[in-house]
Ligand SMILES: Cc1ncc(COP(=O)(O)O)c(C=O)c1O
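In my numbering, the protein residues as written are 17 to 484.
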């Protein structure tokens, strides 16, 4: 418990408590159906879908907003409240919600049927388009980003015959047990699972290295003989302000010299920062890259793209009819009932076609819109001496860095941050915890509305003695 709850004799805490009681009542009233659904089904639905952590002081606010409909930048909740969405499907909805060109492609595919089993009509074309955008040689499809990362790791291990994977502190690569690792000790790259349920065996081959730190390059040299891959999230959604071009270029050079496959996890950066993703942005060609999110246009998709040398482990490599060629490379196991799902491929095809016709101008414009937005926010926070600093990378924005430290959860600062999140929701702004995404659907009017909501929330929090 925090002193917000216990020290009720302090006049400031009394004011705060009064503010909380009043705000919680208004918020609960406005979003009563979402709260009721959370309560009614908690018994049946095991769910962690909240964008902030549980915190006893704010318990009565702790339920996800239930969405009913969406269009463009707007989401309408179960009580009919409208929100400007900044969650944007965790980075999926680059063109806003339900864009007509994707909806039409999905309808057309539904008319044709959802054939799972025979080869998907669009698989080859979509693979070719992804190669064109990313500079990779071959592509295969999965259903989620997590699967894509898992497969990329397997391909690297198959090709090298080595086991260890180096990844970096602060990165997120999905929920495959084999990446759910954290450092065992501060100054040692050996890892332990991040949570119960992942046996130590799953992560004993993971080295967790400090990001953007040259000492990590030394550790990669030390372990070169054992490393099957270095896996990197080029700009981490948890630390957007770190955009380490020089480090990434050194990492590329080093892994090339040591013949260690470099895997770029471009789940969030792919097709967003630039048509060629973070690799094009930073001037780096990885050996394998993983994609998803934007590409599926709202349908679940994962993509593993890479040099033929690695991708050939999927099918044995290239061969031709009418001669003596045959799949010669050693293969690894790869499967999935829903891989190359016709609806996901139909959406991916129109997304890629659309991005191709729009050209890099689409990303350029959106990147500028986002950095202008973040500058305006930072100017406001500076002016008002609010200790929040935002950063952006392409159309991703968020607080400059986010702690994953358990000890900092439920602190007074964390509560104030969560309260700001709820005050914004109350004013019709839906964030993704510490930040979010802009889409091509967001307008200046949306941005003005968001800035107003931030200012109004800050003023209310000040009036409630939560901010100085
Ligand atoms: C960088 C990165 N890699 C992998 C994943 C996992 O993708 P998915 O949630 O589709 O499994 C995510 C998801 O947010 C991600 O941000």
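Ideal Cβ placement from N, Cα and C applies to all residues, glycine included.
In this text the structure is predicted, and so the values were computed from the model without any measurement.
Tell me, which residues are paired with residue i by DSSP?
| i | result |
| --- | --- |
| residue 93 | 83 |
| residue 113 | 88 |
| residue 307 | 319 |
| residue 354 | Answer is none; residue 354 lacks a bridge partner. |
| residue 243 | 180 |
| residue 219 | None, per the DSSP bridge assignment. |
| residue 281 | 306 |
| residue 412 | 409, 453 |
| residue 98 | 92 |
| residue 225 | 184 |
| residue 198 | 208 |
| residue 248 | 280 |
| residue 158 | 318 |
For residue i, which of the options has the nearest alpha-carbon?
| i | options | result |
| --- | --- | --- |
| residue 1 | 195, 180, 178 | The displayed coordinates of the chain run from 17 to 484. Any statement about residue 1 would go beyond what the structure contains. |
| residue 343 | 104, 444, 332 | 332 |
| residue 212 | 387, 197, 164 | 197 |
| residue 247 | 253, 262, 271, 234 | 271 |
| residue 92 | 131, 56, 155, 49 | 49 |
| residue 280 | 168, 457, 176 | 168 |
| residue 476 | 47, 26, 38 | 38 |
| residue 250 | 380, 237, 468, 302 | 302 |
| residue 483 | 458, 449, 433 | 433 |
| residue 380 | 352, 297, 350 | 297 |
| residue 256 | 274, 227, 273 | 227 |
| residue 291 | 472, 63, 51, 146 | 146 |
| residue 404 | 411, 384, 388, 430 | 430 |
| residue 371 | 142, 351, 467 | 142 |
| residue 385 | 63, 462, 59 | 462 |
| residue 4 | 472, 69, 149, 57 | A question about residue 4 goes unanswered here, because the residues of the chain that appear run from 17 up to 484. |
Helix, strand or coil for residue i, going by three-state DSSP, please let me know.
| i | result |
| --- | --- |
| residue 445 | strand |
| residue 190 | coil |
| residue 205 | strand |
| residue 152 | coil |
| residue 401 | coil |
| residue 19 | Residue placement at residue 19 cannot be trusted, given a pLDDT of 47 that sits under 50; the coordinates are not used to answer. |
| residue 406 | strand |
| residue 497 | As displayed, the chain neither begins before 17 nor continues past 484, which places residue 497 out of reach and without an answer. |
| residue 35 | helix |
| residue 366 | helix |
| residue 273 | helix |
| residue 468 | helix |
Identify, in the order they occur along the chain, each residue of the same chain with its Cβ nearer than 7 angstroms to the Cβ of residue i, setting aside the five sequence neighbours on each side.
| i | result |
| --- | --- |
| residue 363 | 118, 121, 122, 312, 313, 314, 315 |
| residue 77 | 40, 43, 438 |
| residue 32 | 20, 480, 481, 482 |
| residue 341 | 335 |
| residue 474 | 400, 402, 483 |
| residue 17 | Annotation note: pLDDT 39 at residue 17 (below 50); position unreliable, coordinate value reported separately. Result list for residue 17: 72, in chain order. |
| residue 263 | 228 |
| residue 193 | 214, 218 |
| residue 485 | Summary: the structure shown does not reach residue 485, with the chain confined to residues 17 through 484, and so no result is reported for it. |
List the whole-angstrom C-beta distance separating residue i from residue j, where the pair is believed to meet the contact cut-off of C-beta under 8 angstroms.
| i | j | result |
| --- | --- | --- |
| residue 307 | residue 319 | 4 angstroms |
| residue 199 | residue 219 | Actually they are not in contact, since the Cβ atoms of residue 199 and residue 219 sit about 11 angstroms apart, beyond 8 angstroms. |
| residue 8 | residue 233 | The structure shown does not extend to residue 8, since the chain is modelled only from 17 to 484, so the question has no answer here. |
| residue 46 | residue 95 | 7 angstroms |
| residue 216 | residue 205 | Contact doesn't hold; Cβ gap of about 15 angstroms is too wide. |
| residue 113 | residue 88 | 6 angstroms |
| residue 347 | residue 330 | 7 angstroms |
| residue 274 | residue 321 | Not really, about 22 angstroms apart at Cβ, beyond 8 angstroms. |
| residue 138 | residue 365 | 5 angstroms |
| residue 175 | residue 326 | 5 angstroms |
| residue 317 | residue 159 | 7 angstroms |
Below 6 angstroms CB to CB, which residues in the same chain sit around residue i once its five sequence neighbours on both sides are set aside?
| i | result |
| --- | --- |
| residue 190 | 161, 162, 165 |
| residue 110 | 310, 455 |
| residue 19 | With a pLDDT of 47 at residue 19, under the threshold of 50, the modelled position of this residue cannot be trusted; read the value that follows with caution. No residues qualify anywhere along the chain. |
| residue 153 | 323, 324 |
| residue 103 | 446, 448, 452 |
| residue 442 | 43 |
| residue 245 | 172, 181, 277, 279 |
| residue 107 | 284, 309, 453 |
| residue 410 | 288, 289, 383 |
Using a Cβ-Cβ cutoff of less than 8 angstroms, which residues in the same chain neighbour residue i once the five nearest sequence positions on both sides are dropped?
| i | result |
| --- | --- |
| residue 130 | 357, 358, 359 |
| residue 299 | 261, 265 |
| residue 406 | 390, 393, 394, 397, 413, 414, 415, 416, 451 |
| residue 136 | 356, 357, 358, 361 |
| residue 151 | 292, 295, 296, 301 |
| residue 444 | 97, 98, 99, 100, 465, 469 |
| residue 471 | 396 |
Between residue i and ligand 2, is the CB less than 7 angstroms from at least one heavy atom?
| i | result |
| --- | --- |
| residue 103 | Among the ligands modelled here, namely ligand 1, ligand 2 does not occur. |
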